[in-house]
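Protein chains in written order, with this note's numbering: chain A, 1 to 318; chain B, 1001 to 1318.
Heads up, the beta-carbon is just placed ideally off N, CA and C, and yes, glycines get one too.
Nothing here was measured: the structure is a model prediction, and the numbers come from that model.
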């Protein structure tokens, strides 16, 4: 029975990974300190014999007794990191530690177990990209001393950490660069555009578009992302791989899609000044490499369908 | 009596800082774990009452008894980091830890003491720059998963760490982006071009130019650098500041200057293939900001003079 250890296992993406690996017949250990992850995200898995939830801050080393309890680990997935811009202001040091200290701690588990290691990187490592769409060999445009640097630079650092462990100790590392993702178990209050617009539309409040609304994002439904991550994990690919949906929308277009998906809403679009001047103006993955190395993987879920399933979830959280 | 705490105090640059602050009448605590720093660099300071040398790895937290012994600290300078490409292959994890863990530990000392904090950043954060010469508002071109990323990304991370402590806790942080520097107390075997060429010329061995020798560097004599750093430390400037010498030489030109500085050497120039494909092709600081915020600071020592003083030092180390 393959044993998968997932940090951030009670988070938005981590909890979906737990679920899918359990369905595949794996033993799953989820680790979370519940800073942004929530026990309710994995509450439905608690009865499963192959599932274990451990409350632990991975910025702190694993104790020998914890490692003993883990037993043999075949796959280590480091997905523990607050990822929303409101977290960047609220808990920047926690973000920097979980993807520096925490990355080293999880890499050590992978090294000791000769396990496959996969780290959740992000499209944010491209910063405000000067190459569009973004290919994996683009080195990015990130401000080291800006409002987003606690997150962007830490994710870049974590990629460099994985690279050191691969070059120096032969750890079989994978790097997934996750583009904007949405779906059930996102936090309604996490400040990102999908929960923002959905919450506003469901509550009949004004939909706030920042700037002119011409900045673009590409939204991937979580099921598509998780399928891509699992294929990457199963592969021996060591190069970074973009996983995301290349369908690009301006924020204004997206606001209109959300309004349409909530029939009868009283919401109207309002414009506000841009919050962060380092906000990327456009973001769209080139998924040529993913298609190639992940057996033809590509997103399957349309925005309309994914948004419907996400709104269903958000309705229960209002 | 102002108390200056300098990590990497027995290193190339750190030891010069110790010397100069002692000359200014400060109390100086130098911290070093002697991974690349050397006790002999500060041996001549050991008799001074205001000087203290502490053997400690700053990747490890300071103990309460250490902090008690430090007493009140007015300035914290984090200059502990192996900085040569041979170190990038030899001790990449030590590099990554000293400028992540070590940066947090030293920032905490600054925070607790309400001290001025200055971190040694580097022109390497610009990577293989697409903007030339490099101004501080250029965000760089660094490969997150390359041979140099353990150093480049860690220095970027350390700038982001300083930014978080400034924004979140009001620590008075300074960031000095150090361009290629040379002078006495460089390690003759550190693999960088100045000691390489000087050692080869002094030994009458072939001078190895990599690639076509058309890649450029700008060399600053250590006395000029240290003067700039001390002015930055004395200021309240929080923005990154380039300190370096804008006089740009191709590696081939530089090889010829070195040959000329060692009369009678039997060395001849030989060409070898480029070692690292991420090696920056050109590097030259724009020092407009330094001139402005550091009271007209600019390099004073010519390459011929600086090289003479450096060769004098290297002769004693052959």
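Neighbour flag for residue i against chain B, beta carbons, 8 Å
i                      : result
residue 127 of chain A : yes
residue 275 of chain A : no
residue 66 of chain A  : no
residue 144 of chain A : yes
residue 141 of chain A : yes
residue 280 of chain A : no
residue 285 of chain A : no
Neighbouring residues, chain B, relative to residue i (Cβ below 8 Å)
i                      : result
residue 124 of chain A : Under the 8 Å cutoff, chain B gives no residues; its nearest Cβ is about 12 Å from residue 124 of chain A.
residue 168 of chain A : 1092, 1093
residue 80 of chain A  : Residues of chain B passing the Cβ test: none, with the nearest at roughly 16 Å.
residue 157 of chain A : 1096, 1100, 1153, 1154, 1156, 1157
6 Å Cβ shell around residue i - same chain, five flanking residues per side excluded
i                       : result
residue 192 of chain A  : 84
residue 240 of chain A  : 136, 175, 177
residue 214 of chain A  : 250
residue 1115 of chain B : 1073, 1074, 1075, 1076
residue 113 of chain A  : 73
residue 125 of chain A  : 140, 155, 156
residue 1194 of chain B : 1182
residue 4 of chain A    : 21, 26, 28, 75
C-alpha distance - residue i paired with residue j, whole-angstrom precision
i                       : j                       : result
residue 1144 of chain B : residue 128 of chain A  : 16 Å
residue 33 of chain A   : residue 56 of chain A   : 5 Å
residue 1319 of chain B : residue 159 of chain A  : Nothing can be reported for residue 1319 of chain B: it is not among the residues displayed for chain B, which extend from 1001 to 1318.
residue 1081 of chain B : residue 43 of chain A   : 45 Å
residue 283 of chain A  : residue 217 of chain A  : 5 Å
residue 1018 of chain B : residue 1030 of chain B : 7 Å
residue 1338 of chain B : residue 1293 of chain B : Since the first and last residues shown for chain B are 1001 and 1318, residue 1338 of chain B lies out of range.
residue 1098 of chain B : residue 1119 of chain B : 12 Å
residue 209 of chain A  : residue 149 of chain A  : 23 Å
residue 170 of chain A  : residue 1095 of chain B : 19 Å
residue 1109 of chain B : residue 1046 of chain B : 24 Å
residue 256 of chain A  : residue 235 of chain A  : 39 Å
residue 62 of chain A   : residue 1147 of chain B : 29 Å
residue 219 of chain A  : residue 299 of chain A  : 10 Å
residue 167 of chain A  : residue 1313 of chain B : 36 Å
residue 966 of chain B  : residue 1290 of chain B : Past the edges of chain B, shown from 1001 to 1318, lies residue 966 of chain B, and the structure says nothing about it.
residue 1012 of chain B : residue 1023 of chain B : 18 Å
residue 111 of chain A  : residue 297 of chain A  : 28 Å
residue 102 of chain A  : residue 153 of chain A  : 15 Å
residue 50 of chain A   : residue 1016 of chain B : 59 Å
residue 1227 of chain B : residue 1184 of chain B : 15 Å
Closer than 8 Å to chain A by CB, residue i
i                       : result
residue 1150 of chain B : yes
residue 1109 of chain B : no
residue 1063 of chain B : no
residue 1112 of chain B : no
residue 1161 of chain B : yes
Same chain only: Cβ atoms within 8 Å of residue i, ignoring 5 sequence neighbours per side
i                       : result
residue 1265 of chain B : 1201, 1202, 1204, 1259
residue 270 of chain A  : 206, 207, 208, 209
residue 1273 of chain B : 1210, 1211
Residues that residue i bridges to, as DSSP identifies them
i                       : result
residue 1032 of chain B : B:1055
residue 1178 of chain B : B:1122, B:1243
residue 272 of chain A  : A:210
residue 218 of chain A  : A:248
residue 1027 of chain B : B:1003
residue 77 of chain A   : A:6, A:118
residue 1184 of chain B : Answer is none; residue 1184 of chain B lacks a bridge partner.
residue 1285 of chain B : B:1134
residue 1173 of chain B : B:1117
residue 1141 of chain B : B:1127
Proximal chain A residues relative to residue i, where beta-carbon distance stays under 8 Å
i                       : result
residue 1041 of chain B : Those within 8 Å of residue 1041 of chain B in chain A number zero; the least Cβ separation is about 28 Å.
residue 1240 of chain B : 144, 145
Contact set between residue i and chain A, taken where Cβ atoms lie within less than 7 Å
i                       : result
residue 1357 of chain B : For residue 1357 of chain B there is no data in the structure shown, the boundaries of chain B being 1001 and 1318.
residue 1085 of chain B : Simply none; closest approach about 14 Å.
Chain-order list of residues whose beta-carbon lies under 7 Å from that of residue i (same chain, five-residue window excluded)
i                       : result
residue 1301 of chain B : 1221, 1223, 1224
residue 281 of chain A  : 128, 215
residue 1008 of chain B : 1014, 1032, 1037, 1079, 1080, 1081
residue 48 of chain A   : 22
Distance cut-off 7 Å: residue i Cβ against heavy atoms of the ligand HEM
i                       : result
residue 1260 of chain B : No copy of the ligand HEM appears in this structure; indeed no ligand is present at all.
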